[in-house]
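**Student:**
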Ligand code: NAD
Ligand code: UGA
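Numbering (the working numbering), first residue to last: 121 to 600.
1) Give me the Cβ distance between residue 414 and residue 458, rounded to the nearest whole Å; I'm assuming they're in contact under 8 Å.
2) Go through the stretch 273 to 297 residue by residue and report every complete run of the alpha helix (DSSP H) that reaches 4 residues or more, in order.
3) From residue 142 to residue 325, what distance separates their C-alpha atoms?
4) By a C-beta neighbour count over all protein chains shown, 10 Å radius and 16 as the cutoff for buried, is residue 448 buried or exposed?
5) With burial defined as no fewer than 16 other Cβ atoms inside 10 Å of the residue's Cβ, what is the status of residue 345: buried or exposed?
6) Report the residue ranges of all beta strand (DSSP E) runs contained in full by the stretch 174 to 217; include only those spanning at least 3 residues, in chain order.
7) May I ask you to check if the CB of residue 449 is nearer than 7 Å to at least one heavy atom of the ligand NAD?
8) Which of the three DSSP states, helix, strand or coil, is assigned to residue 479?
9) Let's see if you can read the secondary structure: which residues bound the beta strand (DSSP E) around residue 123?
10) Pairs of beta-carbons, one from the stretch 483 to 492 and one from the stretch 418 to 429, closer than 8 Å: are there three or more?
11) With which residues is residue 467 paired in a DSSP beta bridge?
12) Do you know offhand how far residue 255's Cα is from residue 389's?
13) Per DSSP, which residues does residue 393 bridge with? Please list them.
14) DSSP three-state call for residue 572: helix, strand or coil?
15) So residue 288 and residue 311 are in contact, right, with Cβ under 8 Å, and what is the actual spacing, rounded?
16) Applying the criterion that 16 or more other CB atoms from any shown protein chain within 10 Å of the CB defines a buried residue, is residue 391 buried or exposed?
17) Just checking, does the stretch 346 to 355 make contact with the stretch 331 to 338 on the three C-beta pairs under 8 Å criterion?
18) Heavy atom of the ligand UGA less than 7 Å from the Cβ of residue 473, yes or no?
19) For residue 125 and residue 512, I'd like the C-alpha separation in whole angstroms.
20) Helix, strand or coil, according to DSSP, for residue 501 in the structure here?
21) Within the continuous alpha helix (DSSP H) that includes residue 526, where are the two ends?
22) Is any heavy atom in the ligand NAD found nearer than 7 Å to the beta carbon of residue 245?
23) Buried or exposed for residue 358, going by 16 or more other Cβ atoms inside 10 Å?
24) Using only CA atoms, which one of 191, 221 and 176 lies nearest to residue 184?
25) Can you name the start and end residues of the alpha helix (DSSP H) that residue 544 belongs to?
Pasting the structure below:
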């Protein structure tokens, strides 16, 4: 049993603290947010994360997990101090290190004995050295400190499983012995361990997130091509993913990535690279494509509904992804703002993030369930692919809508079935084939003399579901 302190009781800190406690360590979780600590002490989770409440309860019961706002108390017996505070974006795209700096200064002021400080927050290269400098500057005695970077790769919604079954655990430090000691804490996980230098560990985290975001933007670009040419991006992703070198993960086309990490981390890496004199053009394209994924929804809606002024649009799902209540950089927030700017009325429903949504989007009308959401709607957009949306009574949903327009931002429905049900179904990257692709293929419109077979390109047959967009706004004349 080791004595650990975890600073920051958010998604990463709470998961880290609860999991290390469950592995038999004694953990003190510290946060400066008093209400958050009060609610944790009362057994209430400040965030929605599957399995977390039970894990916390069990370890509190066995005295392995305690909560405090007091640095002196938290550090009193600690051998290892994990920092898991937020590192949001600054206005210029760089990472805002105020919380990290403040945590480091507080550690220094309450330092009574040698410590290993482990940075789990996602921070720019050099931040580990910054923490060491702050400690040296603020400490009041000769106690020594080693700084280890130990980036976290868990995902919200599956945080506990990801923490306990990592693909790898990375450590970087100027003090290899300290890195080895931290690695010992992870031995029960039997995970692949990689020990490297401090700066390399810091960069591994950004490079990993940026690469995953690149996969998403790549498939979103392919989705746009699929829409024009009449292919199905889901099957394209399937076909690509079967190649082990590519892999199927992170190839779901949709409304673009959101959440508290990809958007800020791609921005921060781009900022860091540019500041270092590099030309991060791929990262810039990744961000541009991501932003365009939000806009394409507005374009699609205008195609079928015309002017959006006064139209009622329902957002099915508000969290940035399923199984979380987190709405940081959620597609729903961007899309709601864009729709409101167009003069549309926006309604929303989410199975778990309604309280968060009420704060994040006060102008939005929040509904009790998907059917109430659909009532008198001109269109419903699937924004988050919650499992419960996959089994909706779609006939009932359609009956209550003013117009049966369903924009499937996450491709959860079968286009053919939606057609049969009478929806105007607009998936993502699933065929709005152009009438004629001869110009794209640069094929001569007439066959080569003497050959009537094989050389003529058949006029592309639009899929049934694509008829909707061809009629555009006039399709609805008289139905208001
Ligand atoms: P969060 O916003 O959920 O939680 C951060 C917590 O730190 C807050 O409760 C805040 O009150 C507390 N805090 C801030 N300053 C403090 C201080 N000086 N002392 C004590 N507590 C302080 O953040 P998060 O989502 O858990 O992310 C934390 C870090 O981990 C970020 O750098 C993030 O990029 C990274 N990360 C997040 C995830 C994720 O899925 N959320 C995954 C991997 C890495
Ligand atoms: C992501 C990474 O997956 C984690 O490894 C990392 O630790 C974390 O960021 C972090 O640094 O915070 P997370 O943001 O929780 O985790 O969620 P993901 O499941 O990766 O999804 C991120 C966004 O990408 C979501 O908006 C999701 O809808 C979108 N996404 C994901 C797609 O659009 N397509 C996909 O194929 C996968």
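We put the beta carbon where it would ideally sit given N, CA and C, even for glycine.
**Tutor:** Considering the structure as presented:
1) In the chain shown, counting from the first residue as 1, residue 414 sits at position 294. In the chain shown, counting from the first residue as 1, residue 458 sits at position 338. Under the criterion of beta carbons closer than 8 Å, residue 414 and residue 458 qualify as touching, at roughly 6 Å.
2) Counting whole runs of 4 or more residues, the stretch 273 to 297 contains the alpha helix (DSSP H) stretches 279 to 284.
3) Within the chain shown, the letter at position 22 stands for residue 142. Within the chain shown, the letter at position 205 stands for residue 325. Taking the straight line joining both Cα atoms gives about 25 Å.
4) Here residue 448 refers to the residue found at position 328 of the chain shown. Per the 10 Å Cβ criterion, buried.
5) In the chain shown, residue 345 corresponds to position 225, counting from 1. Counting Cβ neighbours within 10 Å, residue 345 comes out exposed, since fewer than 16 surround it.
6) Listed in chain order, they are 185 to 188 and 200 to 203.
7) Against the chain shown, residue 449 aligns to sequence position 329. Residue 449 Cβ: outside cutoff for every heavy atom of the ligand NAD.
8) Walking along the chain shown from the start, residue 479 turns up at place 359. Looking at residue 479 - three-state DSSP - the assignment turns out to be helix.
9) What you label residue 123 is simply residue 3 of the chain shown in a count that begins at 1. That run of the beta strand (DSSP E) goes 123 to 127.
10) As far as the Cβ criterion goes, the stretch 483 to 492 does not touch the stretch 418 to 429, which means the pair count is below three.
11) In the chain shown, residue 467 corresponds to position 347, counting from 1. BP columns for residue 467 point to 434 and 485.
12) What you label residue 255 is simply residue 135 of the chain shown in a count that begins at 1. What you label residue 389 is simply residue 269 of the chain shown in a count that begins at 1. Between the alpha carbons of residue 255 and residue 389 lies a gap of roughly 25 Å.
13) Stepping through the chain shown from its first residue, residue 393 is reached at position 273. According to DSSP, residue 393 bridges with nothing at all.
14) If you number the chain shown from 1, residue 572 lands on position 452. Interpretation of residue 572 is limited by its pLDDT of 44, a score under 50 that renders its predicted location unreliable; the figure taken from the coordinates is listed afterwards. Coil at residue 572, not helix or strand.
15) Locating residue 288 in the chain shown gives position 168, where the first residue counts as 1. Locating residue 311 in the chain shown gives position 191, where the first residue counts as 1. Contact annotation, residue 288 with residue 311: C-beta distance approximately 7 Å; criterion of less than 8 Å satisfied.
16) In the chain shown, the residue the question calls residue 391 occupies position 271. A residue is called buried once 16 or more other Cβ atoms fall within 10 Å of its Cβ, and residue 391 is buried on that count.
17) Touching, no, given that fewer than three Cβ pairs across the two stretches are closer than 8 Å.
18) One-based indexing of the chain shown puts residue 473 at position 353. Not so, every heavy atom of the ligand UGA lies at least 7 Å from the Cβ.
19) Sequence index remark: in the chain shown, residue 125 carries index 5 (1-based). Sequence index remark: in the chain shown, residue 512 carries index 392 (1-based). In this structure, the straight-line span from the alpha carbon of residue 125 to that of residue 512 is close to 45 Å.
20) As a first step, residue 501 must be located in the chain shown, where it is residue number 381. Here residue 501 sits in strand by DSSP.
21) As a working note, residue 526 is residue 406 in the chain shown. Following the DSSP letters along the chain, one finds residue 526 in no alpha helix (DSSP H) but inside the beta strand (DSSP E) bounded by residues 525 to 528.
22) For the purposes of this step, residue 245 is taken as the residue at position 125 of the chain shown. For the ligand NAD, no non-hydrogen atom lies closer than 7 Å to the CB of residue 245.
23) The count along the chain shown starts at 1 and reaches residue 358 at position 238. Under this definition residue 358 is an exposed residue.
24) Your numbering for residue 184 matches position 64 in the chain shown. Selected option, being the one with the closest Cα: 176.
25) For this step, residue 544 is matched to residue 424 along the chain shown. Careful: residue 544 lies outside any alpha helix (DSSP H), inside the beta strand (DSSP E) at 544 to 546.
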